[in-house]
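With positions in the sequence shown counted from 1, the corresponding number in this note's numbering is that position plus 19.
Backbone N, C-alpha and C fix where the C-beta goes; we use that ideal spot for every residue, glycine too.
Inspection log for the structure reproduced underneath, given as structure tokens.
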Amino acid sequence: MAIAIVCFLYATNAVAEICDKAGWDPSDGAVTVANEIIDSTRWSLIIALVLSVGILKGWRWLVWPTTLLSLGLVMLGFSDDTDDPIMLSMIAEGCRTAWSGTIMSIIFAMPLAMGALVALLKYKMKSGRP
20 MAIAIVCFLY ATNAVAEICD KAGWDPSDGA VTVANEIIDS TRWSLIIALV
70 LSVGILKGWR WLVWPTTLLS LGLVMLGFSD DTDDPIMLSM IAEGCRTAWS
120 GTIMSIIFAM PLAMGALVAL LKYKMKSGRP
């Protein structure tokens, strides 16, 4: 927080380097909504696969951390504040979109829904109910 205050009180080149700290380079091009969706979906599918395998195998040691990871990512997306000066500068620099938090919340909720569906199907198969 102190670094952000210093950066905005003394508006120097430090503001333009916010995105550079995360490994984004201006030569990568501006981040678009499509890029956000594609990148988040890739990670969401990996989480959904790990969660599904954990549920099917009955590996609680894998299911709980994966579920908590997905829940944490959903909550992180909900906590996104587009009026924050740091977020505004990231959007202006092109390394983030105004929809990043919303996209993150929606896409990382999908592994939770898929995990619930797999658990329900596993329960129905075990119980022999139609």
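How big is the Cα-Cα spacing for residue i and residue j?
i    : j    : result
A111 : I57  : 21 Å
L140 : A132 : 12 Å
W118 : G96  : 10 Å
P84  : D99  : 23 Å
C26  : M106 : With a pLDDT of only 49 at C26, under the threshold of 50, the placement of this residue in the model should not be trusted; the figure read from the coordinates follows. If you take the alpha carbons of C26 and M106, they lie about 13 Å apart.
L81  : Y142 : 18 Å
S146 : L90  : 28 Å
A53  : G77  : 35 Å
E55  : T101 : 16 Å
L92  : V69  : 15 Å
G86  : G48  : Residue identity check: residue 86 is Thr in the sequence provided, not Gly. Their Cα atoms are separated by approximately 33 Å.
Any idea what DSSP makes of residue i, helix, strand or coil?
i    : result
A23  : In this predicted model, A23 has a pLDDT of only 48, less than 50, meaning its place in the structure is not dependable; the value taken from the coordinates is given anyway. Three-state result, A23: helix.
W118 : coil
D99  : coil
T85  : helix
W62  : helix
K141 : helix
W80  : helix
A135 : helix
G113 : coil
D47  : helix
G147 : coil
I125 : helix
Here's a check: name, in chain order, each residue in its chain whose Cβ is nearer than 7 Å to the Cβ of residue i, leaving out the five neighbours to either side.
i   : result
T60 : I126
My understanding is that residue i touches residue j, with C-beta atoms under 8 Å, so please give their C-beta distance in whole angstroms.
i    : j    : result
M123 : C38  : M123 to C38, Cβ: 17 Å. No contact.
A67  : M129 : 6 Å
G134 : I74  : 6 Å
Only counting the same chain, and skipping five residues up and downstream in sequence, which positions put a Cβ closer than 6 Å to that of residue i?
i   : result
L88 : none
K71 : The question names Lys, yet the displayed sequence has Ser at residue 71. Answer for S71: V137, listed in chain order.
M94 : none
Cutting at 8 Å between CB atoms, please list the residues of its own chain near residue i, excluding the five before and the five after it.
i    : result
R115 : C38, V50, M106, M109
T121 : G96, D99
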